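Okay, so here's the structure we're looking at.
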Amino acid sequence: MSIRPGPRNRITDVAGILVGNAEDCRIRTGTTVIYPVVRCAAAADIRGGGPGTLNIHALDPTSLSNEVDAIVLSGGSMYGHDAAGAVVAALGARGRGISFGGAVVPVVPGAILFDLANGGDKAWGEIPPYAALGRAALASVGEEFALGNAGAGYGARAGALKGGLGSASCVTPDGLTIGALVAVNSFGSVVMPGTNRFWAGPWEMEAEFGDLGPPPPGWQGEAEMPLPPGSALNPMANTTLAVVAVDAALSKAEAQRLAIMAQDGLARAIRPIHTPFDGDSIFVLATGKVPLTGPAMLARLGHLAADTLARAVARGVYEAESLGDRPGWREAFGR
C-alpha cells in the first residue's frame, strides 16, 4: 500500500479538524476559519517579507499558551483582522478557551492577505465586512468545504492567474494523516513559464489538478525569475497563507519545526516565493492522536507536509474561476 489522498482530499481528513468559509461576492473577499474540535498544539513559521499576522507570539514555544481554539485566515489586509476578533467573541460566548477565574479567553491566531485591488466594492466606510465574515465562517465549519473562489481565497490572485483556496491530504500505510489548506495569493507563478504545467506537478495524486504530466518536450526552465506581466506586478499586494494539520502528538517546538519544513511545499509550488512583497505564513495544528516516536518521525511528517502543501497550492489555482482581471487557470489555458 502506498501513500494516498484521504477520502475528501482536504485538511479535514485529519480527524477533529473542521473548516468554514464565508465570502462577500460584491466586495470580492472572504474569510476561512480552521477549527479543531478539541483545543490542540499549534505553531507558525513566517517567511514572507510583508506579513500581516495576529497572536503569532502566543505560538512561540516559550510562551504560556500551549493550545489554540481556532485559526483565522482572511482577505482584507489589515481590515481582515476583524474576522479573528469576531471568532474570539463567538468562541468566548460558548465558553471555549483558557479559563482565568471567571473569564474565558479563546486563543485565536490569524493572518491576512491583500485583496483590496481586485475590483470589488471596498467602500465600506467605518464598518468593514470582516467581523460578519468571521462569524459566518465559524458558523459554517464542517468536514466539507469549497475550494477555488472560496473563503480567504475568494479574491486572491496568483501571479497573472486567479488565485484561490486549496486543500489536500495524504494517508500513510501505517495510518498517519497529514492535511494542508492554503489561500494562494502569490506574487510568484504556480505554472512553468510558457506552459500550463503546475510547478507542483511531480507531487500530484490521482489527477487532482488536471493530470498534465511533465513539461512539453523541449521545454527548458527559465534561468531568470518568472515575473508576472507589468499589469499584474503590484508589489506589497500578495501573501500566501497556509495551515497544515497532523494527527500526531507534537509539542509546540516540534510543531514549529514541522511548520519550517512545510514551507518547502510553497517553494515547490510557487516561483518566486518568500519575496519582499509576500507575507507567506504557515500554521501547524497537531491533534495528538498518534504518539511521536522520535525525531525521525518528525522529519517524515515534515517531508509529507511539504508535499501535501505543494499539492494544495496547485488545487487552489486549478479550482479557481476567473474574477476581475485575473483569468482562472481553465480559462487561461482553454481546459
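In our numbering, the protein residues as written are 2 to 336. Note that the Cβ used here is the ideal one computed from N, Cα and C, for glycine as well. Being a predicted model, the structure only gives us computed values, none of them experimental.
| Excluding five sequence neighbours on each side, which residues of the same chain lie with their C-beta closer than 6 Å to the C-beta of A44? | Only L60, K253, A256, Q257, A260, V285 meet the Cβ criterion.
| query | R336: buried (16+ other C-beta within 10 angstroms of its C-beta) or exposed? | reply | By the neighbour-count rule (16 or more Cβ atoms within 10 Å), R336 is not buried but exposed.
| task | Please determine, among P292, E205, L114, T32, the residue with the shortest C-alpha to C-alpha distance to A138. | result | It is T32 whose Cα lies nearest to the Cα of A138.
| message | Distance check for F188 and R269, CA to CA, integer angstroms please. | response | In this structure, the straight-line span from the alpha carbon of R269 to that of F188 is close to 15 Å.
| Can you tell me whether DSSP reads D61 as helix, strand or coil? | The DSSP-derived three-state label of D61 is coil.
| query | I think G180 touches I18, with their Cβ atoms under 8 Å apart; what is that distance to the nearest whole Å? | reply | Rounded, the Cβ-Cβ distance is 7 Å, consistent with contact.
| Looking at C-alpha atoms only, which residue of P277, L310, A311, E332 is the closest neighbour of G49? | Checking every option, the nearest Cα to that of G49 belongs to P277.
| message | Between which two residues does the beta strand (DSSP E) holding E332 run? | response | From DSSP, E332 is part of no beta strand (DSSP E) but of the alpha helix (DSSP H) over 330-334.
| With 16 as the cutoff for other CB atoms within 10 Å, does S66 come out buried or exposed? | Around the beta-carbon of S66, 16 or more other beta-carbon atoms lie within 10 Å, marking it buried.
| field | Range covered by the alpha helix (DSSP H) that runs through V244 | value | V244 -> not in any alpha helix (DSSP H); beta strand (DSSP E) instead, spanning 242-249.
| task | May I have the straight-line CA-CA distance separating Y36 from R327, to the nearest angstrom? | result | Rounded to whole angstroms, Y36 to R327 spans 30 Å at the Cα level.
| By how many angstroms is the C-alpha of R312 removed from the C-alpha of V39? | If you take the alpha carbons of V39 and R312, they lie about 27 Å apart.
| Contact between the segment 76-85 and the segment 100-115: three or more CB pairs below 8 Å? | With a cut-off of 8 Å, the segment 100-115 and the segment 76-85 count as touching, because enough Cβ pairs lie within range.
| query | At what residues does the alpha helix (DSSP H) containing K253 begin and finish? | reply | Start and end: 253-270.
| Can you name the residues that DSSP bridges to P37? | BP columns for P37 point to I18.
| query | At what residues does the beta strand (DSSP E) containing A71 begin and finish? | reply | Per DSSP, A71 lies in no beta strand (DSSP E) and is assigned neither H nor E.
| query | Are there 16 or more other CB atoms within 10 angstroms of the CB of E209, so buried, or fewer, so exposed? | reply | Buried, by the Cβ-count rule.
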